[in-house]
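S.K.: Per this note's numbering, the very first residue in the sequence shown carries number 65; after that it's consecutive.
Would you mind keeping the following structure in view while I ask a few things?
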Amino acid sequence: MRTVFSEKQTRLNWRKIWVALAQAQSKFGLVSAQELKDIASHAQDIDIQKSLEFEKQTKHDVVAEIKVYASQCKTGGGKIHLGATSMDIVDNAEALAMKQGLQVLRERTALLLKKLKPKIEDNQNTVCMAYTHLQPAEPTTLGYRFASYAQDFLEDLGALEWVYDSIQGKGFKGAVGNSASYVQLLGSKEKAVQMEETAMKHLGLKAYEITTQTYPRKQDYFVLSKLSSLAQSSHKMAFDLRLMQNKETNEPFGEKQVGSSAMPFKRNPMKTERICSLARLVPAYAQMAWENASLSALERTLDDSANRRVFMPEAFLALDECLIQSAKVIEGLQINRTYINKTVVQYGPFAATEKVMAELAKRGFDRQEAHELLRVHSLKAWAEVQEGKANPLFQLVSSDPRIAKLIPKKELEKQFDVSSHVGLAPEKSVKIAGEIDEATKEYKTSGASEQGF
65 MRTVFSEKQT RLNWRKIWVA LAQAQSKFGL VSAQELKDIA SHAQDIDIQK
115 SLEFEKQTKH DVVAEIKVYA SQCKTGGGKI HLGATSMDIV DNAEALAMKQ
165 GLQVLRERTA LLLKKLKPKI EDNQNTVCMA YTHLQPAEPT TLGYRFASYA
215 QDFLEDLGAL EWVYDSIQGK GFKGAVGNSA SYVQLLGSKE KAVQMEETAM
265 KHLGLKAYEI TTQTYPRKQD YFVLSKLSSL AQSSHKMAFD LRLMQNKETN
315 EPFGEKQVGS SAMPFKRNPM KTERICSLAR LVPAYAQMAW ENASLSALER
365 TLDDSANRRV FMPEAFLALD ECLIQSAKVI EGLQINRTYI NKTVVQYGPF
415 AATEKVMAEL AKRGFDRQEA HELLRVHSLK AWAEVQEGKA NPLFQLVSSD
465 PRIAKLIPKK ELEKQFDVSS HVGLAPEKSV KIAGEIDEAT KEYKTSGASE
515 QGF
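The following block contains the structure:
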């Protein structure tokens, strides 16, 4: 991702646009074969230092790059940027960069999903406690929890694919977007349209039908919105894993890794904390993209220019690191089954109260009275658990004569077997695992998790 948004790649993209423009113009006699060959032959000869020296004088980065490029092209230099305005170059180049960046994120997301799949399958029947309001609620399966994260990332992958396919460049439309300079240059409106179509075909980009000096900044907002959604999914999963790291799971921790300079025993969840910290940047950038789309007045102002140079690459870079670390965490996640089982034994009996209440109601007991009866027993049991004692709820319920006369103890034992009280969690988990295979089959992701830091 650093390569995609590097200074060198940015200038290479600019030159790619200039070559495509010259290729299209050569078909209309504006650029000779020798001039085109000269321009194309120097497209890779980036000299950032020289360009920056020119920029000190011109205060204009595109003009500075034109000067360097033209000085290298002794034959065709005079035909570079013919009829164009800076944003004909920059906006098309940024559309290319966004597509390149989105492709990286698609591959990262596919890799993460492939790492999640075995966690879902291996834990589809691993009963654990679900938590609502950060308090123990009812049993679920760990695989189902992982499947919920995968479902989010599957939606995000679909959104990335949609926005990737929808990316459009400005095309070649001149200073205010109406192609007047190209009509003047070519002497024909039809030729101006044909020239643009030819150049964009060389670039492999679609072009907006209508632009101002720039492509509609709404496109940036569309892209950042999808990135923001992906960042949200990353944050949600990482935040949950941080909570689970209390005892249920542990993120990978190196043999010589240090958690604290003061406390030698510390095993801080620094990877998931990093993911959460970086993920929060992206929606802030999406808000900036919204403002740019709204505040770029009439045919354009520079209200968007400086901040886009910051947030466009940083949004992609931040999310790239989120996905790299997420894949590493999931791949190396340690699952503490002993503690998970202990928690189910400790808090699982409370989940049986819903089943017992329903059974009492079916056998003629007033539902509201059953609720109150079980509430009182549950609070007594909860107090015992809070003191570190074994959960006495089954004994309290089974010894209550009002309950015992309707539900025999053997039946109550079945009601209190909460390992089966996970509904469709295993089946739904397997279904999501299958969807991962289908959604990621086109992606080659081997080795991608080795990147990052």
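For each residue, glycine too, the CB sits at the ideal point set by N, CA and C.
Tell me which same chain residues have a C-beta within less than 7 Å of the C-beta of Gln136, skipping the five on either side of it?
M.R.: Result list for Gln136: His106, Asp109, in chain order.
S.K.: Quick one: what does DSSP say Lys270 is sitting in, helix, strand or coil?
M.R.: It is a strand residue.
S.K.: For Gln232, which residues does DSSP report across the bridge?
M.R.: Looking at the DSSP assignment, Gln232 forms a beta bridge with Lys270.
S.K.: How would you write the range of the beta strand (DSSP E) that Val191 sits in, first residue to last?
M.R.: 191-196 is the span of the beta strand (DSSP E), which, as asked, contains Val191.
S.K.: I need the straight-line Cα distance from Val449 to Arg281, nearest angstrom please.
M.R.: Those two C-alpha atoms are separated by around 57 Å.
S.K.: By the three-class DSSP mapping on this structure, what secondary structure does Ser513 have?
M.R.: Annotation note: pLDDT 45 at Ser513 (below 50); position unreliable, no value reported.
S.K.: Under a three-way DSSP split, which group does Asn314 fall into?
M.R.: DSSP places Asn314 in strand when its eight states are reduced to three.
S.K.: Going by beta-carbon coordinates alone, are Arg338 and Gln296 separated by less than 8 Å?
M.R.: It is not a contact, given that the beta carbons lie outside the stated cut-off.
S.K.: Can you check which of these residues, Ile394, Ile184, Val191, is closest to Pro333 by C-alpha distance?
M.R.: Measuring from the Cα of Pro333, the nearest candidate turns out to be Ile394.
S.K.: Between which two residues does the beta strand (DSSP E) containing Ala447 stretch?
M.R.: Looking at the DSSP string, Ala447 is not in any beta strand (DSSP E); the run it does join, the alpha helix (DSSP H), is 431-450.
S.K.: Determine the direct distance from the alpha carbon of Trp226 to that of Pro472, and round the result to whole angstroms.
M.R.: Cα to Cα, Pro472 sits roughly 58 Å from Trp226.
S.K.: On the three-pair Cβ rule with 8 Å, is the region 162-180 touching the region 211-221?
M.R.: Yes, the region 162-180 touches the region 211-221.
S.K.: Taking all protein chains shown into account, do 16 or more other C-beta atoms lie within 10 angstroms of the C-beta of Val374, making it buried, or fewer, making it exposed?
M.R.: So Val374 ends up on the exposed side.
S.K.: What number of angstroms, rounded off, separates the C-alpha of Gly516 from the C-alpha of Met65?
M.R.: Since pLDDT at Gly516 reaches only 45, below the 50 mark, its modelled position is unreliable, and no value is offered.
S.K.: Quick one: what does DSSP say Glu261 is sitting in, helix, strand or coil?
M.R.: Here Glu261 sits in helix by DSSP.
S.K.: Go ahead and label Arg431 buried or exposed: buried means 16 or more other beta carbons lie within 10 angstroms of its beta carbon, across all protein chains shown.
M.R.: So Arg431 counts as exposed.
S.K.: Work out the CA separation of Glu158 and Lys72 for me, nearest whole Å.
M.R.: One C-alpha to the other measures close to 13 Å.
S.K.: Whole-angstrom Cβ separation of Met259 and Gln89, contact assumed at under 8 Å?
M.R.: Contact flag correct, Cβ pair sits at about 6 Å.
S.K.: Using 8 Å as the threshold, is the region 188-199 in touch with the region 136-151, meaning 3 or more CB pairs across them?
M.R.: Because the criterion of three Cβ pairs below 8 Å is not met, the region 188-199 and the region 136-151 do not touch.
S.K.: So, helix, strand or coil for Thr67, using DSSP?
M.R.: Here Thr67 sits in coil by DSSP.
S.K.: By Cβ distance below 7 Å, which residues in the same chain neighbour Val342 in space, the five residues on each side in sequence not counted?
M.R.: Residue identity differs from the one stated: residue 342 is Leu in this sequence, not Val. These residues qualify, in order along the chain: Ala382, Glu385, Cys386.
S.K.: Measure the C-alpha to C-alpha separation of Ala447 and Thr402 and round it to an integer number of angstroms.
M.R.: Distance between the alpha carbons of Ala447 and Thr402: 23 Å.
S.K.: Buried or exposed: which applies to Lys143, given that a residue is buried once 16 or more other Cβ atoms fall within 10 Å of its Cβ?
M.R.: It is buried - the Cβ of Lys143 has at least 16 other Cβ atoms within 10 Å.
S.K.: What are the boundary residues of the alpha helix (DSSP H) that Thr204 is part of?
M.R.: Counting along the chain, Thr204 falls outside any alpha helix (DSSP H), though it belongs to the beta strand (DSSP E) covering 199-205.
S.K.: Helix or strand or just coil, what does DSSP make of Gln309?
M.R.: Reduced to three states, the DSSP call for Gln309 is coil.
S.K.: So Val240 packs on Glu363, CB below 8 Å; how close in whole Å?
M.R.: Yes, they are in contact, since the Cβ atoms of Val240 and Glu363 sit about 5 Å apart, within 8 Å.
S.K.: When the Cα atoms are used, what is the spatial distance from Glu315 to Thr407?
M.R.: Distance between the alpha carbons of Glu315 and Thr407: 19 Å.
S.K.: According to DSSP, which residues form a beta bridge with Ile399?
M.R.: Looking at the DSSP assignment, Ile399 forms a beta bridge with Thr313.
S.K.: From Gly452 to Ala445, what does the alpha carbon distance come to, in whole angstroms?
M.R.: Answer to the nearest angstrom: the Cα atoms are 11 Å apart.
S.K.: The alpha helix (DSSP H) that contains Ile184, what's its start and end?
M.R.: Ile184 -> alpha helix (DSSP H) spans 150-186.
S.K.: Pick out the complete beta strand (DSSP E) segments inside the region 81-154, 3 residues or longer, and give them in chain order.
M.R.: Counting whole runs of 3 or more residues, the region 81-154 contains no beta strand (DSSP E) stretch at all.
S.K.: Just the Cα atoms here: how many angstroms apart are Thr278 and Val168?
M.R.: Approximately 25 Å between the Cα atoms of the pair.
S.K.: Closer than 6 Å by C-beta to Arg306: which residues in its own chain qualify, once you throw out the five before and the five after it? Chain order, please.
M.R.: Excluding residues within five positions, the ones whose Cβ falls inside 6 Å are Pro333, Thr336.
S.K.: Name the residue from Ala361, Ser483, Leu397, Thr67 whose alpha carbon lies nearest to the alpha carbon of Met308.
M.R.: Closest option to Met308, Cα to Cα, is Leu397.
S.K.: Would you mind working out which of Ala415, Lys178, Glu477, Val420 sits nearest Cys192, comparing C-alpha positions?
M.R.: Looking at the Cα atoms, Ala415 is the closest of the given residues.
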